[in-house]
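Participant: I'd like to ask some things about the structure below.
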Amino acid sequence: MHNIGKREFFAALGMALLHSVFSLFVILSSIWLCLALWFQEPFGWLVTRLLIGIWIIFALSILGIYITQHFFNRHTDVLIYMLGFLLGLFWYFGLEARQDRDWNPEVAQVLSYEQEGDKIRLHNVRNFNWHADGSYDERWETRDFDLNQITGVNIITSYWMGPQIAHTLVSFDFANSKPLTFSIEIRKEKNEEFSTYGGFFRKYELSLIAADEKDLIYTRSNVRGEHVYFFPVNMSKTERRALFKEYLGKANEFRHQPKWYNSLTSNCTTLVFDMVQAISKRHLPTDYRLLASGYLPNYLYDLNAISHDLTIQQWYDVAYINPRVSELNNISSTQYSTLIRQGIPKPILQKSP
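In the UniProt record's numbering, the protein residues as written are 1 to 353.
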């Protein structure tokens with residue numbers, strides 16, 4: 001009798017644990033599916049919200065805390081729930097990124113290039129003239145670059161919502177032409193607003209913008225009032241060339257196969273890290289600062305990618321470009337690029353391996 005009691009106890013405990021695990025699964029999977037429906041609106045605003053409401057009622061009935069213990073019986077309800085959630089997964093992961101939406105003019109063009117040896121011709125380089133009210137004059141250009149003329153690489157971080165999160169840009173210096181800045185951004189449709197939460201649910205495609213520094217950085221420092229920092233990075237000539245070519249490869253990839261943006265795993269910082277890791281001769285450690293992108297300069301400093309001639313706090317002081325440019329409006333591209341580098345130490349010249 002004693003053994004039978006123990007078996008019944010452990011059987012009841014196992015069943016309670018199973019029910020708890022399944023209840024947690026129902027809660028988390030329902031939250032995920034409802035948010036995916038909310039941001040995607042596959043059946044329009046009204047029908048989608050009705051569907052979300054029905055799903056919430058059904059999920060609560062599965063948990064046994066809404067009106068009745070079940071619709072049919074416990075096993076049938078569980079089976080229906082699992083089938084419904086699987087259908088939701090098939091729908092969600094079947095969503096394909098597209099090129100043919102009605103895009104916002106800022107991201108309407110797709111970057112492409114031609115290469116002949118070390119000579120690169122980039123098409124659809126953005127060089128918008130931005131106004132104080134956020135409007136702009138559109139201008140897309142074709143520019144020529146020589147991989148042998150790359151003299152430096154810079155990381156730019158732009159903060160708009162506190163110290164933890166920043167937008168990451170990468171700028172290349174050239175001996176014989178103006179700097180070029182790359183920015184991995186969401187590709188917004190006309191009248192579409194950015195949502196960090198929507199970025200988790202295939203709300204936006206990815207866009208790679210190559211632009212004049214005054215376009216991409218001025219937009220943030222002068223028009224949007226973001227806090228912008230400019231850090232030269234220690235890289236060898238071979239690594240600088242390789243990183244530029246990685247950007248060309250990413251442009252080719254996006255042009256032939258559109259990709260989804262993800263706020264956590266596929267964004268302006270993680271994709272840059274992936275490209276840098278691809279060209280690096282050593283393994284770069286995974287770090288929380290790749291997700292908390294506002295601390296990316298600290299991560300680079302710890303890797304000696306940013307010179308140790310200054311402390312990291314001194315770097316933040318000299319890298320802050322806003323005091324140098326925030327009051328300037330009618331300024332040329334060359335003047336702007338000169339000012340944002342003013343007072344910043346030169347990077348250490350790394351020897352190519």
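Beta carbons are placed, not taken as given, at the ideal position from N, Cα and C, and that holds for glycine.
Check whether the Cβ atoms of residue 359 and L111 sit closer than 7 Å, and answer yes or no.
Facilitator: Because the chain here runs from 1 to 353, residue 359 falls outside it and cannot be looked at.
Participant: Measuring alpha carbon to alpha carbon, tell me which residue in P105, Q99, D317 is nearest K190.
Facilitator: Counting from 1 along the sequence shown, the entry for residue 190 is found at position 190. It is P105 whose Cα lies nearest to the Cα of K190.
Participant: I want to see whether chain B comes within less than 7 Å of Y159, judged by CB atoms only; does it?
Facilitator: Of the protein chains in this structure there is only one, and it is not chain B.
Participant: Counting along the chain, where does the alpha helix (DSSP H) carrying K250 start and finish?
Facilitator: The count along the sequence shown starts at 1 and reaches residue 250 at position 250. Per DSSP, K250 belongs to the alpha helix (DSSP H) from 237-256.
Participant: F230 and I340 - do their beta-carbons sit closer together than 7 Å?
Facilitator: By one-based count along the sequence shown, residue 340 stands at place 340. By one-based count along the sequence shown, residue 230 stands at place 230. Result yes, Cβ atoms of I340 and F230 sit closer than 7 Å.
Participant: Comparing alpha-carbon positions, which option in T76, R220, N262, W260 lies nearest Y336?
Facilitator: On the sequence shown, position 336 is the one that residue 336 refers to. The shortest Cα separation from Y336 among T76, R220, N262, W260 belongs to R220.
Participant: Quick one: grab the DSSP three-state call for W160.
Facilitator: Here residue 160 refers to the residue found at position 160 of the sequence shown. DSSP places W160 in coil when its eight states are reduced to three.
Participant: Residues in the same chain with beta-carbon distance under 8 Å from S266, minus the five sequence neighbours each way, listed in chain order, please.
Facilitator: Taking the first residue of the sequence shown as position 1, residue 266 is located at position 266. Same-chain partners within the cutoff: L206, K259, W260.
Participant: Taking the DSSP output, what are the residues bridged to L206?
Facilitator: Taking the first residue of the sequence shown as 1, we reach residue 206 at position 206. L206 is bridged to I186.
Participant: Should V223 and G162 be called a contact, given that it needs their Cβ atoms to be closer than 7 Å?
Facilitator: Here residue 223 corresponds to residue number 223 of the sequence shown, with the count starting at 1. Here residue 162 corresponds to residue number 162 of the sequence shown, with the count starting at 1. Taking 7 Å as the Cβ cut-off, V223 and G162 do not qualify as a contacting pair.
Participant: When you compare the region 173-188 with the region 200-214, are there three or more beta-carbon pairs, one atom per stretch, that lie closer than 8 Å?
Facilitator: Result yes; three or more Cβ-Cβ pairs closer than 8 Å.
Participant: So is D173 buried or exposed if we call it buried at 16+ other beta carbons inside 10 Å?
Facilitator: Locating residue 173 in the sequence shown gives position 173, where the first residue counts as 1. Answer is buried; the Cβ neighbour count reaches 16.
Participant: Buried or exposed: K250, going by 16 or more other Cβ atoms within 10 Å of its Cβ?
Facilitator: Taking the first residue of the sequence shown as 1, we reach residue 250 at position 250. Buried: at least 16 other Cβ atoms inside 10 Å.
Participant: Under DSSP, the beta strand (DSSP E) around I52 begins and ends at which residues?
Facilitator: To locate residue 52, count along the sequence shown from 1; it is residue 52. That residue, I52, is in no beta strand (DSSP E); its alpha helix (DSSP H) goes 45-62.
Participant: Just the C-alpha distance for I331 and G225, rounded to the nearest angstrom, thanks.
Facilitator: Residue mapping note: residue 331 aligns to position 331 of the sequence shown, counting from 1. Residue mapping note: residue 225 aligns to position 225 of the sequence shown, counting from 1. The straight-line gap from Cα to Cα measures roughly 17 Å.
Participant: Can you tell me where the beta strand (DSSP E) holding R324 begins and where it ends?
Facilitator: Here residue 324 is taken as the residue at index 324 of the sequence shown, counted from 1. Run containing R324: none in the beta strand (DSSP E); it sits in the alpha helix (DSSP H), 322-325.
Participant: By how many angstroms is the C-alpha of H75 removed from the C-alpha of M82?
Facilitator: Here residue 82 refers to the residue found at position 82 when the sequence shown is read from its first residue. Here residue 75 refers to the residue found at position 75 when the sequence shown is read from its first residue. The alpha-carbon atoms of M82 and H75 are separated by roughly 11 Å.
Participant: With contact counted as at least three CB pairs below 8 Å, one residue from each stretch, are the region 288-303 and the region 145-165 in contact?
Facilitator: Touching, yes, given that three or more Cβ pairs across the two stretches are closer than 8 Å.
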